[in-house]
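Worksheet: the structure to be examined is printed underneath.
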Amino acid sequence: MAHKDKVLVANGQGFWGDSLLGPIRLCREGPIDYLTLDYLAEVTMSILQKQFLRDPKVGFATDFVRMIERTAPELVGKGIKVVANAGGVNPMACKDATIAALRSRGFGGVKVAVVEGDNIYGQLDELLAAGEQLKNMDSGAPLASVRARVSSANVYLGAFPTAEALDRGAQIVITGRGTDPGLVLGPLIHEFGWKRDEYDKLAAGTIAGHIVECGAQCTGGNYVDWRAVENMALIGYPIVEAAPDGTFVVTKHAGTGGLVTPRSILHQLVYEMGDPRNYIGPDCTADFTSIRMEQVGPDRVRCSGARGGAPTPTYKVSISYQDGWKALGQLTISGPDALDKAKLCAEIVWRRLAYDGVTFSDDQKLVEFVGANVCHAGIDVPHASDPSEVVLRIGVKGADKAKIDRFGYELVPLVTSGPPGVTGFAGGRPHATEIIGFWPALMKKDRVATKVSLFES
Amino acid sequence: MPLVPLSKIADARSGDKGEGSNVGVMARSAAAYAFLKDKLTPDVVRAHMHAINRGTVVRYEADGLAVLNFILADSLGGGGSASLRTDAQGKTHGLALLRLVLDVPQSVLDSIPRSS
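Right under this line is the structure:
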């Protein structure tokens, strides 16, 4: 197969809950070859796993199916390929729903691939018995210490299975847990035939993926110089214009809002960054400091020089587990003396609970006075000491669900039995909700078998 | 030397890293980077963010990008869904660090481009 000299890979969704406009506008407002969409976070996997245990037809990102339904005419008409980690813990059900959505809109013959192998929830005991301790990367504790409370376990797969799905002719690729940059790297491996040991190119694709993986965060969203960002309402979602040699231009459709400059891209390059010289992905390591950026046109930044290295022998595993309960409520307290009254309200809650024998340690309690410098606590800012009104956010956490629920009873009564000017209790009584703990671990790559299957609408 | 907030000579963006957060500080000029590499130490960041971060502060230097990346080890009140805080993902930690007031030489201030 002859390789193209340029491929356009866009990201239309930075997280599950991102604007519904991203994907459709990318398809409508200019050319793209690939639409990538990110739906999964650690907590999401746990929620989807629980849904799946109750109903084997769910456990995937349902928003994806609605997105396909809406954009199907553009996707099919323009031949745009889609790569999404929408499969969650049940990629086959996601595929079924996607195919049903395509058929309902009259689009038969669309090839849909599923990548599996990331979900190791059902093999955990086998893996532990085989000697994988799945130690917590932060604390060093073995998984056995929380095994009974584990609610999901997924490996961050690399991009080669996605590339294989595309090699086999898929127009839509549905994966479970993979790395976010892999959504972009997969299409580039497929289009340019990059090999497993071409580490600089794999690193370039990984860095390109990292730059666009949070949608508009590289095109002027969450940007320090926000006043300089024009038309933020219709901000353009990012597009990587990649070349076979590993160089790429980051851009967005002409006429869209936002901006693409070395400065806007650098903002995203540092986002959630660890050691900038040693980004560890499943297919390679990447040196973020090797990237050179150059403005080569309006909203066009050329990135070059990416260097990478061999991948590690382990996959990162994302495990979630039940880690207790929490409850959180809020009330609005108007002035005069808003802050003093809010402090009194918090004290009243703790004293009423103590009267009933319910106490919490400092680590289990949270009191915030929103409007009086919560986000930048301890830092001198103007007007923090006498706000005209504040929101009291008060919460507790712990292992005893009944105790957490008891807390919820003492918040709303402040409206009638506290200081004057307490309102905003519309949310009603706070209830205990589950805390989902995140357990990052490593496991040997050779214990994971990936599988690519192809279907048609 | 003028006392100015860090925001006059650098940008920042932050996000969550497990139970902590990272703050990437992007110097706006080579002179600003050299100045910050010397003055914006982990100890200075730790003292400024003392009420937000209860853990250590580690600094990575990315010379080619003129970036200093700070890892705040315990800055989210537990992290993920275990946090009760408003800013459970450390989204605002970058702006918090940009409020840090520094004694910046005029030559460094003059080196900052007006906009880009």
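These protein sequence lines map, in sequence, to chains A and B. Those letters in the first sequence? Residues 43 to 499, per this note's numbering, in order. Those letters in the second sequence? Residues 8 to 123, per this note's numbering, in order. We put the beta carbon where it would ideally sit given N, CA and C, even for glycine. For clarity, every value in this text was computed on a predicted model and none was experimentally measured.
Near residue 131(A), what residues of its chain come up, given a Cβ to Cβ distance below 8 Å and the 5 sequence neighbours on each side ignored?
The residues are 87, 90, 91, 94, 101, 102, 161, 163, 194, 196 and 218.
Any beta carbon from chain B within less than 8 Å of residue 245(A)'s own beta carbon?
no
Give me the Cα-Cα distance between residue 393(A) and residue 474(A), rounded to the nearest whole angstrom.
20 Å
If the criterion is Cβ atoms closer than 8 Å, does the pair residue 100(B) and residue 14(B) meet it?
No, Cβ-Cβ distance for residue 100(B) and residue 14(B) is not below 8 Å.
is_contact[residue 99(B), chain A] using C-beta, thresh 8 Å:
yes
Contact check, residue 27(B) vs residue 83(B) under 8 Å by CB: the rounded distance?
In this structure residue 27(B) is in contact with residue 83(B), their Cβ atoms being roughly 7 Å apart against a cut-off of 8 Å.
Are the beta-carbon atoms belonging to residue 115(B) and residue 39(B) less than 8 Å from one another?
yes
So, using beta-carbon positions, are residue 58(A) and residue 97(A) closer together than 8 Å?
no
Against chain A, does residue 74(B) count as a neighbour if the rule is that its beta carbon must be under 8 Å from one of theirs?
yes
Note down, one range per segment and in chain order, each alpha helix (DSSP H) of at least 4 residues found wholly within the region 288 to 348 of chain A.
304 to 311
Determine, for residue 177(A), whether the minimum Cβ-Cβ distance to residues of chain B falls below 8 Å.
no
Restricting to Cα atoms, I'd like to know which of 372(A), 311(A), 361(A) and 290(A) is closest to residue 338(A).
290(A)
Neighbouring residues, chain B, relative to residue 134(A) (Cβ below 9 Å)
Simply none; closest approach about 27 Å.
With DSSP collapsed to three states, give me the class of residue 462(A).
coil
Out of 171(A), 185(A) and 170(A), which one is the CA nearest neighbour of residue 177(A)?
185(A)
Taking C-beta pairs closer than 9 Å, name the residues in chain B that residue 94(A) reaches, listed in chain order.
Within chain B, no residue has its CB atom less than 9 Å from the CB of residue 94(A), the nearest being about 19 Å off.
Chain A residues whose Cβ lies nearer than 8 Å to that of residue 62(B):
The premise fails here: residue 62(B) is roughly 11 Å from chain A at the closest Cβ pair, so nothing lies under 8 Å.
Please tell me whether residue 121(B) has its Cβ less than 8 Å away from any Cβ of chain A.
no
Can you check whether the C-beta of residue 16(B) is within less than 8 Å of a C-beta belonging to chain A?
No, residue 16(B) lies away from the interface with chain A (no Cβ there is under 8 Å from its Cβ).
In whole angstroms, what is the alpha-carbon distance linking residue 465(A) and residue 434(A)?
C-alpha of residue 465(A) to C-alpha of residue 434(A): approximately 10 Å in a straight line.
Could you say which of 122(A), 121(A) and 137(A) lies nearest to residue 107(A) if we only look at CA atoms?
Of the residues 122(A), 121(A) and 137(A), the one whose Cα lies closest to the Cα of residue 107(A) is 137(A).
What in chain A is Cβ-close to residue 103(B), meaning under 8 Å?
417, 418 and 421
What runs of the alpha helix (DSSP H), each 4 residues or longer, lie entirely inside the region 85 to 135 of chain A?
104 to 120
Helix, strand or coil at residue 65(A) according to DSSP, with G and I counted as helix:
helix
Which residues in the same chain have their Cβ closer than 7 Å to the Cβ of residue 414(A), if we skip the five residues on either side of it in sequence?
For residue 414(A), where only same-chain residues beyond five positions count, the Cβ hits under 7 Å are 381, 426, 429 and 432.
With 9 Å as the limit, tell me which residues of the region 257 to 285 of chain A have their beta carbon closer than that to any beta carbon of chain B; keep them in chain order.
259, 264, 265, 266, 267 and 270
C-alpha gap between residue 112(A) and residue 286(A), whole angstroms:
If you take the alpha carbons of residue 112(A) and residue 286(A), they lie about 32 Å apart.
Rounded straight-line distance, which links the Cα of residue 94(B) to that of residue 52(A):
29 Å
Using a threshold of 8 Å, state whether the C-beta atoms of residue 361(A) and residue 192(A) are closer than that.
yes
Quickly, what does DSSP pair residue 351(A) with across the bridge? List them, please.
327(A)
State the Cα-Cα distance for the pair residue 324(A) and residue 74(A), rounded to the nearest angstrom.
26 Å
Any beta carbon from chain A within less than 8 Å of residue 88(B)'s own beta carbon?
It does: the Cβ of residue 88(B) has a partner Cβ on chain A nearer than 8 Å.
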